[in-house]
Amino acid sequence: MAPVTDPEQEYTDRDDAEQSRLRPFVLTAGRVAAHDPDIDLHTQVTARPHHHPVDTLTREQQSIVRLCAEAVSVAEISARLHLHLGVTKILVGDLRAAGFLEVHVQDAVSPHDPETILRVIHGLRTFT
Amino acid sequence: MDFARSPELAPTPAPLPNFSRPRKPPVPVKIIVAGGFGVGKTTAVAAISEIAPLTTEAEMTAAAIGVDVPGAGSEKTTTTVAMDFGCLNIDKTLKLYLFGAPGQARFGFMWDDLARGALGALVIVDSNRLDDCHPAVDYFERAGLPFAVGVNAFDGELAHDLEEIRWALTLNDRVPVFEFDARRRRSVRDALLVVLDVALIHATEKRPA
Numbered sequence: 020m021a022p023v024t025d026p027e028q029e030y031t032d033r034d035d036a037e038q039s040r041l042r043p044f045v046l047t048a049g050r051v052a053a054h055d056p057d058i059d060l061h062t063q064v065t066a067r068p069h070h071h072p073v074d075t076l077t078r079e080q081q082s083i084v085r086l087c088a089e090a091v092s093v094a095e096i097s098a099r100l101h102l103h104l105g106v107t108k109i110l111v112g113d114l115r116a117a118g119f120l121e122v123h124v125q126d127a128v129s130p131h132d133p134e135t136i137l138r139v140i141h142g143l144r145t146f147t
Numbered sequence: 635m636d637f638a639r640s641p642e643l644a645p646t647p648a649p650l651p652n653f654s655r656p657r658k659p660p661v662p663v664k665i666i667v668a669g670g671f672g673v674g675k676t677t678a679v680a681a682i683s684e685i686a687p688l689t690t691e692a693e694m695t696a697a698a699i700g701v702d703v704p705g706a707g708s709e710k711t712t713t714t715v716a717m718d719f720g721c722l723n724i725d726k727t728l729k730l731y732l733f734g735a736p737g738q739a740r741f742g743f744m745w746d747d748l749a750r751g752a753l754g755a756l757v758i759v760d761s762n763r764l765d766d767c768h769p770a771v772d773y774f775e776r777a778g779l780p781f782a783v784g785v786n787a788f789d790g791e792l793a794h795d796l797e798e799i800r801w802a803l804t805l806n807d808r809v810p811v812f813e814f815d816a817r818r819r820r821s822v823r824d825a826l827l828v829v830l831d832v833a834l835i836h837a838t839e840k841r842p843a
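If you read the sequences in order, they're chains C and F.
Throughout the first sequence, residue numbering follows this note's numbering, covering 20 to 147 in sequence.
Throughout the second sequence, residue numbering follows this note's numbering, covering 635 to 843 in sequence.
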């Protein structure tokens, strides 16, 4: 058996692991950090009426557009489609730029707004 | 985790969405649920979430961690961290997300993303393993994020009383320390209400007079 220090052998040993690591970013053409910083984990995303044919999109992109028929968060898209969070943010940003998705960053509320916190408190108290 | 249940990537495409009546999406807010491994973060999220908790994975590279040793070895440190989350509709337009943050120190880089825009954090503590929550406590103190410490009473008994825990974690008097049961919905609700009380005090003090 080849020693672990042999780079080729090491590569073969790790082939599966490498593929599963690299594959997510194949979907984004290798981009790892190009997403819009306004797109947060809990940012809501909805599909927009679009005029471009969706069949020009990749399978993953089409799945995202379908999932967004109802408002969903970026984290939910990532979880339900088994896409890494970073990849999801990039794909969502692309689909937004192409006019397929609306990303509701403007609806974000300040976490320091006492009115918002009071609303959450009042709402949560009704949970029994 | 349970990936078999998600049909969205099935080979037969579902019909495209119907856009005839666009609905305004809810306004999202979030609270972080942090703590060491196996302390009950996912249990707490599951106890109160209106959906079965979902898992998302984030890929982290050496660059993101800030550990980049050029030259020799040059092995990239790539870590995948899993994060469980759930949500509940607070009222018609407000939706609360609960994110279970990976608590280990080496995942600290991920917390900036999590903490941004959060109302506050619940740090869950196992009274037998107090050290496990130090990274989370340190992070929230430095980030200035309002938080409260909930001691998960696994079997109804705590290894230390609450004041000993406060002392061991060097928490100031403004950080609430309380016992709760991560398996019980009402107990988790009350724990979140404590976090929100701290957040409210924080927000009221911050607001310009």
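For glycine and all other residues, C-beta sits at the position ideal for the given N, C-alpha and C.
Neighbour list for residue i in chain C, Cβ cutoff strictly below 7 Å
i	result
F:A837	H131, D132, P133, I136
F:F719	A94
F:M661	For the record, residue 661 of chain F in the displayed sequence is Val; it is not Met. Near F:V661 (Cβ distances below 7 Å), the residues of chain C are D126, V128.
CB contact below 8 Å: residue i versus chain C
i	result
F:F733	yes
F:D725	yes
F:E691	yes
F:T809	Note that residue 809 of chain F corresponds to Val in the displayed sequence, not to Thr. No, because no Cβ of chain C sits closer than 8 Å to the Cβ of F:V809.
F:F671	no
F:A706	Any reading at F:A706 needs caution, since the residue's pLDDT is 41, under 50, leaving its predicted position unreliable; the model's value is listed next. Closer than 8 Å: no.
F:L728	yes
F:L834	yes
F:E675	At residue 675 of chain F the sequence reads Lys, which differs from the Glu that was named. No, because no Cβ of chain C sits closer than 8 Å to the Cβ of F:K675.
F:L796	no
F:R818	no
F:L827	yes
F:L805	no
F:R800	no
F:R823	yes
F:V703	Unreliable positioning characterises F:V703 in this predicted model, as indicated by a pLDDT of 42, which lies under 50. The coordinate reading is nonetheless provided below. False, the Cβ-Cβ gap to chain C never drops below 8 Å.
Residue i - partner residues in DSSP beta bridges
i	result
F:E813	F:V785
F:V661	F:L728
F:L722	F:L730
F:I758	F:G669, F:G784
F:M717	F:T690
C:V128	According to DSSP, which records beta bridges pairwise, C:V128 is partnered with nothing at all.
F:E839	Answer by DSSP bridge pairing: none, since F:E839 is not bridged.
C:Q63	C:S92
C:E166	With chain C covering 20 to 147 only, the question about residue 166 of chain C has no answer from this structure.
F:A752	F:K664
Beta carbon proximity, residue i to chain F, threshold 8 Å
i	result
C:I58	no
C:Q62	Just to set this straight, residue 62 of chain C is Thr in the shown sequence, not Gln. For C:T62, the answer is yes, since a Cβ of chain F falls inside 8 Å of its Cβ.
C:T75	no
C:A21	With a pLDDT of 42 at C:A21, under the threshold of 50, the modelled position of this residue cannot be trusted; read the value that follows with caution. Answer no: the Cβ-Cβ gap between C:A21 and chain F never drops below 8 Å.
C:V139	yes
C:D34	Residue confidence is low: C:D34 scores 46 on pLDDT, short of 50, so the model does not pin down where it sits. Its coordinate-derived value is still stated next. It does not: the Cβ of C:D34 has no partner Cβ on chain F nearer than 8 Å.
Partners in chain C for residue i, counting only beta-carbon separations shorter than 9 Å
i	result
F:E775	What F:E775 touches in chain C: nothing, since even the nearest Cβ is about 17 Å away.
F:G784	Chain C residues near F:G784: none, gap ~15 Å exceeds 9 Å.
F:D747	D59, L60, L104
F:F812	Within chain C, no residue comes near F:F812; the closest Cβ sits about 16 Å away, beyond 9 Å.
F:L792	By Cβ distance, chain C contributes nothing, its closest Cβ being about 25 Å from F:L792, past 9 Å.
Within chain C, partners of residue i - CB distance below 8 Å
i	result
F:I682	F146
Members of the region 98-132 of chain C that neighbour chain F once the beta carbon cut-off is set at 7 Å
A98, R99, L100, H101, H103, L104, G105, H123, D126, A127, V128, P130, H131, D132
Note down, in chain order, all residues in the region 747-767 of chain F with a beta-carbon under 9 Å from any beta-carbon belonging to chain C.
D747, L748, R750, G751, A752, L753, G754
Is the region 676-693 of chain F close to the region 719-731 of chain F, with three or more CB pairs under 8 Å?
yes
Could you tell me whether the region 752-761 of chain F touches the region 114-129 of chain C, using the rule of 3 or more Cβ pairs below 8 Å?
no
Decide if the region 672-681 of chain F is in contact with the region 88-104 of chain C; the criterion is three or more beta carbon pairs, one per stretch, under 8 Å apart.
no
Are three or more beta carbon pairs between the region 795-802 of chain F and the region 101-116 of chain C nearer than 8 Å?
no
Does the region 128-142 of chain C come into contact with the region 65-75 of chain C, if we say contact requires no fewer than three beta-carbon pairs (one atom in each stretch) closer than 8 Å?
no
Hey, is the region 760-775 of chain F in contact with the region 787-796 of chain F, meaning 3+ C-beta pairs nearer than 8 Å?
yes
The region 95-103 of chain C contacting the region 800-818 of chain F, beta-carbon criterion three pairs below 8 Å:
no
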